[in-house]
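Undergrad: Residue numbers (my numbering), protein chains in the order written: chain A, 44 to 479; chain B, 44 to 479.
Number of protein chains: 2
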Amino acid sequence: MKQLRLGLSMFRMGYHVAAWRHPGNQPDGSMDLAYFRGITQAAEAAKFDLVFMADELAIRGADNPAGSRCRSSHVAELEPITLLSALAPLTERIGLVSTGSTTYSEPFNLARQVLSLDHMSGGRAGWNVVTSWGKEDALNFGHMDTPDYDTRYDRASEFVDVVRGLWNSFDADAFIRDQKSGIFYDPDKMHELNHQGQFFSVRGPLHMARSPQGEPVIFFAGDSEAGRAVAARAADVVFTAKQDLADAQAFYASIKDRLPGLGRDDEDLLIMPGLMPIVGRTKAEAQAKYDALQALIDPRVGLASLYDRLGDLSDYDLDGPVPEPKDPAFRSRAEGMYKLAQREGYTIRQLYTTLAAGRGHRMVIGTGEEIADEMQLWLETRAADGFNIIPTHLPDALNDFTELVLPDLQNRGLFRTEYEGATLRENLGLPVKSLR
Amino acid sequence: MKQLRLGLSMFRMGYHVAAWRHPGNQPDGSMDLAYFRGITQAAEAAKFDLVFMADELAIRGADNPAGSRCRSSHVAELEPITLLSALAPLTERIGLVSTGSTTYSEPFNLARQVLSLDHMSGGRAGWNVVTSWGKEDALNFGHMDTPDYDTRYDRASEFVDVVRGLWNSFDADAFIRDQKSGIFYDPDKMHELNHQGQFFSVRGPLHMARSPQGEPVIFFAGDSEAGRAVAARAADVVFTAKQDLADAQAFYASIKDRLPGLGRDDEDLLIMPGLMPIVGRTKAEAQAKYDALQALIDPRVGLASLYDRLGDLSDYDLDGPVPEPKDPAFRSRAEGMYKLAQREGYTIRQLYTTLAAGRGHRMVIGTGEEIADEMQLWLETRAADGFNIIPTHLPDALNDFTELVLPDLQNRGLFRTEYEGATLRENLGLPVKSLR
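Right, dumping it as structure tokens:
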């Protein structure tokens with residue numbers, strides 16, 4: 044039976060905008076190694092394939108409505124590659140997946156750090172390729188604004204090639220390390236990269252042995268045509284945010300259909316949509332958990348979550364209708380959100396509370412069985428090979444999922460009760476890729 | 044009584060060019076977290092202030108004499124910031140000092156990773172500022188060659204200012220994290236950097252709380268006038284390589300004499316020369332240890348160590364005289380080394396074995412008492428505030444030092460028997476600096 048792959052999104056204290064305010068949360072958790080140690084070890088005990096850390100390279104929302112930014116917890120966070128490195132010796136089997144920007148990093152540095160994490164964890168590292176879109180990020184790296192979309196994706200595509208090239212600097216059997224003869228490696232098994240491209244010139248080789256899993260696992264999230272093309276060519280795992288089954292199936296097909304033309308098999312690439320489960324012993328209990336979280340959303344934070352699309356609505360009645368976007372700077376981006384409010388008859392408050400939880404990701408409020416049903420349906424109808432589980436708040440929502448959903452999935456034979464292998468690639472059932 | 048500060052240089056498997064061939068060594072140690080865990084925990088048990096990791100951003104020696112590069116162990120190494128992050132939860136008190144390049148990094152990324160390590164270790168991180176001189180390094184970052192000296196030091200100086208500015212993005216008491224009111228931080232205690240300089244434009248703030256030790260500790264090694272100026276202004280600790288007492292005293296004075304003019308006190312900056320101790324229970328035993336290591340130097344590796352200064356001497360008799368440099372590309376750099384060989388009457392083999400061990404650093408071959416005598420002399424005559432201990436090979440030479448030198452220093456009241464504080468800054472006796 045086809046197995047579900049499960050990632051745990053460690054979006055610091057949880058993905059819900061009010062996560063840190065939940066009474067079960069540790070409000071300084073995002074700066075505390077012990078907090079992440081507890082979550083990661085719990086995820087490993089539950090046999091998750093991996094923990095995943097998203098990332099931003101700035102404090103966002105500098106121009107958001109007054110009083111919203113100081114209510115965000117995303118202003119004080121440990122950095123992912125260092126945090127996952129610290130978690131490596133504290134775990135044994137779970138994958139450690141760090142986001143890394145192709146726009147604001149050097150490929151040599153990033154290739155080196157990810158492969159170092161990979162070696163220290165015995166082959167459990169992954170790299171989530173992102174191009175970084177925020178203007179605030181750009182301003183921290185000497186740019187006035189984010190490079191345009193095509194430039195970012197062209198650069199990302201070349202960046203991934205350079206990184207993979209560096210990861211293949213040495214063959215697996217290159218190192219002899221014979222103390223007697225004094226020969227450390229076989230020169231015929233070391234390879235200079237000599238990359239000269241549009242964005243990068245990197246000679247190599249990287250001064251690191253080949254990965255215990257061949258290459259670290261490459262994750263990618265890209266919904267555009269350019270993003271899908273890079274993903275199908277270079278990614279091992281694709282993350283996506285899909286609200287309903289048909290959309291997920293269409294996305295799944297659009298990626299998988301490209302694989303044969305690229306010389307790749309269907310099982311060489313996994314598609315893992317985000318899933319935010321809100322679980323109760325009864326549906327009513329689940330709904331009550333959701334309502335309790337929603338009540339923690341400060342209106343200023345709610346308005347800030349609409350700001351990028353609808354502009355500043357601070358002067359409007361929160362319980363009145365969503366005004367038609369007039370500012371041309373917002374108008375084109377506002378359309379979908381405004382139409383949603385019109386269609387559902389949402390007030391401003393209803394709109395931001397609806398969007399605040401999942402923020403684009405599929406959210407399911409229900410019992411363990413209901414959530415397992417949905418996961419099985421998506422798995423069996425080519426909408427997903429697994430899920431990136433996105434808890435509203437940590438550790439509580441992870442514990443709910445582990446206690447109320449996972450045993451059901453295991454009883455159905457859809458999820459492991461023990462790790463199959465030692466490396467992330469083995470546990471994900473992915474082939475060892477090699478450029479050589 | 045003034046206390047010695049002691050760092051341990053984890054130059055991967057040891058500083059001696061043949062370290063990895065020593066029978067007591069683990070030849071794949073430089074890729075093995077467990078190997079570094081053992082060394083770091085031993086250094087912590089011995090109450091060293093810190094472990095220090097040097098770094099290079101390439102495999103050096105591409106054009107060295109044939110057969111030399113494949114005999115070097117510096118071709119497969121874990122990356123320092125990820126390695127020290129992994130060591131953070133495995134240690135409790137010892138400082139973790141990573142080298143980071145100001146030429147091939149972005150200040151925002153480097154500031155963030157070092158401060159992340161600092162938080163995860165409870166305030167035990169340090170950053171060793173280097174400008175990266177190798178041409179091979181440049182070729183991995185899209186440059187044809189290393190930027191010129193002045194450019195690198197100007198950039199380093201500005202880079203350090205940006206990093207320190209980012210480390211001060213939030214006041215120590217900025218974070219309220221009040222779940223009830225929903226206020227996460229006090230906006231008056233967050234500071235945008237808005238740096239616009241010759242090399243960098245960085246808005247900030249950095250999304251991380253202030254360091255538990257105020258700021259991570261800044262290390263710097265610079266012997267030139269430009270290097271000394273930056274060190275005196277911005278460093279907490281200065282590393283240096285000095286062969287004899289008079290040179291060390293002159294360097295010490297040249298740095299310390301600048302401090303009053305910069306508004307800094309004498310004890311605000313520590314000078315820690317490198318020291319390679321080769322210790323035996325008797326002088327003869329120490330000498331035998333040294334000779335055994337020297338015998339492990341392959342002639343090709345020895346010739347490679349002379350190559351940068353004297354060119355390729357492969358065609359000469361190893362036991363004949365050192366030829367006068369004729370190639371104008373080498374002539375100016377060769378002068379000091381050639382004169383040394385002339386003065387001492389060294390053969391080629393004698394020259395490279397003499398230089399291969401300490402490579403510029405003070406080496407002392409002797410009993411524990413003799414080495415402790417020398418350390419005390421340097422400490423008490425303003426040549427050093429402590430030492431960066433550079434073992435020839437690890438872990439053996441560290442264990443020798445710990446067993447045969449440290450107890451003597453402790454008996455003299457010159458070195459701690461227990462850590463004084465929780466942070467690196469506290470243990471080094473350095474004040475908490477603050478830009479605010």
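Ideal Cβ placement from N, Cα and C applies to all residues, glycine included.
Give the single residue among A:I102, A:A335, A:T142 whose Cα lies nearest to the Cα of A181 (chain A).
TA: Translated into positions along the first sequence, residue 181 (chain A) becomes position 138. With distances taken between Cα atoms, A181 (chain A) lies closest to A:I102.
Undergrad: Which residues in the same chain have their Cβ closer than 8 angstroms to the Cβ of E87 (chain A), if we skip the five residues on either side of it in sequence?
TA: Reading the first sequence from its first residue, position 44 is the one you call residue 87 (chain A). Excluding positions up to five away in sequence, the list reads T134, E135, R136, I137.
Undergrad: Near D214 (chain B), which residues of its chain fall below 6 angstroms by C-beta distance, leaving aside the five closest residues on each side in sequence?
TA: Sequence index remark: in the second sequence, residue 214 (chain B) carries index 171 (1-based). Excluding positions up to five away in sequence, the list reads K232.
Undergrad: Step through the CB atoms of chain A and report whether any lies within less than 7 angstroms of the CB of S73 (chain B).
TA: Stepping through the second sequence from its first residue, residue 73 (chain B) is reached at position 30. Taking Cβ atoms only, chain A never reaches closer than 7 angstroms to S73 (chain B), which makes this a no.
Undergrad: Taking L76 (chain A) as the query, report the chain B residues whose CB atoms sit under 8 angstroms from its CB, ordered along the chain.
TA: Residue mapping note: residue 76 (chain A) aligns to position 33 of the first sequence, counting from 1. Simply A131, P132, H162, M163.
Undergrad: The beta strand (DSSP E) with P316 (chain B) in it runs from where to where?
TA: Residue 316 (chain B) sits at position 273 when you count from the first residue of the second sequence. Note, P316 (chain B): beta strand (DSSP E), 313 to 323.
Undergrad: Restricting to Cα atoms, I'd like to know which of B:M380, B:A272, B:L160, B:G456 is closest to G304 (chain B).
TA: Within the second sequence, residue 304 (chain B) is the residue found at index 261, counting from 1. For the residues B:M380, B:A272, B:L160, B:G456, the minimum Cα distance to G304 (chain B) belongs to B:A272.
Undergrad: Quick check on the DSSP output: the beta strand (DSSP E) that includes G208 (chain B) runs from which residue to which?
TA: Against the second sequence, residue 208 (chain B) aligns to sequence position 165. From DSSP, G208 (chain B) is part of no beta strand (DSSP E) but of the alpha helix (DSSP H) over 192 to 210.
Undergrad: Can you tell me whether DSSP reads R155 (chain B) as helix, strand or coil?
TA: Mapped onto the second sequence, residue 155 (chain B) falls at position 112. Three-state DSSP puts R155 (chain B) in a helix.
Undergrad: Leaving out five residues on either side along the sequence, give the residues of the same chain with a beta carbon under 8 angstroms from the beta carbon of G363 (chain B).
TA: The count along the second sequence starts at 1 and reaches residue 363 (chain B) at position 320. Counting only Cβ-Cβ distances below 8 angstroms, and skipping sequence neighbours, we find T390, I391.
Undergrad: In chain order, what residues of the same chain lie with their CB nearer than 6 angstroms to the CB of M251 (chain B), ignoring the 5 residues before and after it?
TA: Residue 251 (chain B) sits at position 208 when you count from the first residue of the second sequence. If we look at M251 (chain B) and ignore the five residues flanking it on each side, its Cβ neighbours are L158.
Undergrad: Along chain B, which residues have their Cβ under 8 angstroms away from the Cβ of W3 (chain A)?
TA: Beyond the ends of chain A as shown, which are 44 and 479, falls residue 3 (chain A); an answer cannot be given.
Undergrad: Check the C-beta distance from N211 (chain A) over to H234 (chain A) and give it rounded, since I have them as a contact under 8 angstroms.
TA: Start at 1 with the first residue of the first sequence, and residue 211 (chain A) comes out as number 168. Start at 1 with the first residue of the first sequence, and residue 234 (chain A) comes out as number 191. With a Cβ gap of about 7 angstroms, N211 (chain A) and H234 (chain A) count as contacting.
Undergrad: Nearest by alpha-carbon distance to G464 (chain A): which of A:E268, A:I340, A:V173, A:G165 is it?
TA: Here residue 464 (chain A) corresponds to residue number 421 of the first sequence, with the count starting at 1. Out of A:E268, A:I340, A:V173, A:G165, A:G165 has the C-alpha closest to the C-alpha of G464 (chain A).
Undergrad: Alpha carbon to alpha carbon, how far is D161 (chain B) from D98 (chain B)?
TA: Residue 161 (chain B) sits at position 118 when you count from the first residue of the second sequence. Residue 98 (chain B) sits at position 55 when you count from the first residue of the second sequence. So the alpha carbons of these two residues sit roughly 19 angstroms apart.
Undergrad: I'd like the ranges of any beta strand (DSSP E) spanning at least 3 consecutive residues and lying wholly in the segment 60 to 97 of chain B.
TA: Whole beta strand (DSSP E) segments, 3+ residues: 93 to 96.
Undergrad: Apart from the five residues on each side of it in sequence, which residues of its chain come closer than 7 angstroms, Cβ to Cβ, to L414 (chain B)?
TA: Mapped onto the second sequence, residue 414 (chain B) falls at position 371. It is Ile, not Leu, that sits at residue 414 (chain B) in the sequence shown. Excluding sequence neighbours, I414 (chain B) sits near P320, V322, V407, V448.
Undergrad: With a Cβ-Cβ cutoff of 7 angstroms, do T125 (chain A) and T145 (chain A) count as a contact?
TA: Position 82 of the first sequence, counting from 1, holds the residue named residue 125 (chain A). Position 102 of the first sequence, counting from 1, holds the residue named residue 145 (chain A). Their beta carbons are not under 7 angstroms apart, which means T125 (chain A) does not touch T145 (chain A) by this criterion.
Undergrad: Measuring alpha carbon to alpha carbon, tell me which of A:D75, A:E378, A:A85 ends up nearest A440 (chain A).
TA: Working through the first sequence from its first residue, we reach residue 440 (chain A) at position 397. Ranking the options by Cα distance to A440 (chain A), first place goes to A:A85.
Undergrad: Mind pulling the chain A residues with CB within less than 8 angstroms of H117 (chain B)?
TA: Here residue 117 (chain B) refers to the residue found at position 74 of the second sequence. Those within 8 angstroms of H117 (chain B) in chain A are H250.
Undergrad: Measure the Cβ-Cβ separation of N171 (chain B) and F243 (chain B) and say whether it is below 7 angstroms.
TA: Taking the second sequence and counting its residues from 1, one reaches residue 171 (chain B) at position 128. Taking the second sequence and counting its residues from 1, one reaches residue 243 (chain B) at position 200. Their beta carbons are not under 7 angstroms apart, which means N171 (chain B) does not touch F243 (chain B) by this criterion.
Undergrad: Just to confirm my understanding: we take F54 (chain B), look at its own chain, exclude 5 residues before and 5 after, and list those with CB closer than 7 angstroms. What are they?
TA: In the second sequence, residue 54 (chain B) corresponds to position 11, counting from 1. For F54 (chain B), where only same-chain residues beyond five positions count, the Cβ hits under 7 angstroms are A97, I433.
Undergrad: Write down the C-beta distance between Y58 (chain B) and R402 (chain B) rounded to the nearest angstrom, noting that I regard them as a contact closer than 8 angstroms.
TA: Taking the second sequence and counting its residues from 1, one reaches residue 58 (chain B) at position 15. Taking the second sequence and counting its residues from 1, one reaches residue 402 (chain B) at position 359. At roughly 7 angstroms, the Cβ-Cβ gap stays under 8 angstroms, so Y58 (chain B) and R402 (chain B) are in contact.
Undergrad: My assumption, with CB atoms under 8 angstroms, is that Y359 (chain B) sits in contact with N107 (chain B). Please give the rounded CB distance.
TA: For the purposes of this step, residue 359 (chain B) is identified with residue 316 of the second sequence, where counting begins at 1. For the purposes of this step, residue 107 (chain B) is identified with residue 64 of the second sequence, where counting begins at 1. With a Cβ gap of about 16 angstroms, Y359 (chain B) and N107 (chain B) do not count as contacting.
Undergrad: List the endpoints of the continuous beta strand (DSSP E) containing I408 (chain B).
TA: As a first step, residue 408 (chain B) is located in the second sequence; it is residue number 365 there, counting from the start. 405 to 410 is the span of the beta strand (DSSP E), which, as asked, contains I408 (chain B).
Undergrad: Helix or strand or just coil, what does DSSP make of S164 (chain A)?
TA: As a working note, residue 164 (chain A) is residue 121 in the first sequence. Residue state, collapsed to three classes: coil.
Undergrad: Any contact of the segment 116 to 123 of chain B with the segment 187 to 197 of chain B, i.e. 3+ C-beta pairs under 8 angstroms?
TA: Result no; under three Cβ-Cβ pairs closer than 8 angstroms.
Undergrad: In angstroms with no decimal places, state the Cα-to-Cα distance between P366 (chain B) and G388 (chain B).
TA: Translated into positions along the second sequence, residue 366 (chain B) becomes position 323. Translated into positions along the second sequence, residue 388 (chain B) becomes position 345. If I take the Cα positions, the gap works out to 12 angstroms.
Undergrad: Residues of chain A with a CB under 8 angstroms from the CB of I414 (chain B): which are they?
TA: Numbered from 1 along the second sequence, position 371 holds the residue referred to as residue 414 (chain B). None at all; the shortest Cβ gap to chain A is about 27 angstroms.
Undergrad: Which whole-angstrom value describes the C-beta separation of H436 (chain B) and M56 (chain B), a residue pair presumed to lie in contact below a C-beta threshold of 8 angstroms?
TA: For the purposes of this step, residue 436 (chain B) is taken as residue 393 along the second sequence, with counting starting at 1. For the purposes of this step, residue 56 (chain B) is taken as residue 13 along the second sequence, with counting starting at 1. About 7 angstroms separates the two Cβ atoms, so the contact holds.
Undergrad: Closer than 7 angstroms, CB to CB, is I314 (chain A) near chain B or not?
TA: Position 271 of the first sequence, counted from the start, is the residue given in the question as residue 314 (chain A). Judged by the 7 angstroms Cβ criterion, I314 (chain A) is not in contact with chain B.
Undergrad: Is K90 (chain B) buried or exposed, if buried means 16 or more other CB atoms sit within 10 Å of its CB?
TA: Here residue 90 (chain B) refers to the residue found at position 47 when the second sequence is read from its first residue. Answer is buried; the Cβ neighbour count reaches 16.
Undergrad: Using a C-beta cutoff of 7 angstroms, does R167 (chain B) count as contacting chain A?
TA: By 1-based counting over the second sequence, the position of residue 167 (chain B) is 124. No, its Cβ sits nowhere closer than 7 angstroms to a Cβ of chain A.
Undergrad: Mind pulling the chain A residues with CB within less than 7 angstroms of E201 (chain B)?
TA: Mapped onto the second sequence, residue 201 (chain B) falls at position 158. None at all; the shortest Cβ gap to chain A is about 12 angstroms.
Undergrad: Classify S297 (chain B) as helix, strand or coil using the three-state DSSP reduction.
TA: The residue labelled residue 297 (chain B) in the question sits at position 254 within the second sequence. In the structure shown, S297 (chain B) sits in a helix (DSSP, three-state: H, G or I).
Undergrad: For Q256 (chain B), which of B:G143, B:T466, B:N470, B:M44 has the nearest alpha-carbon?
TA: Residue mapping note: residue 256 (chain B) aligns to position 213 of the second sequence, counting from 1. Minimum Cα distance to Q256 (chain B) is reached at B:T466.
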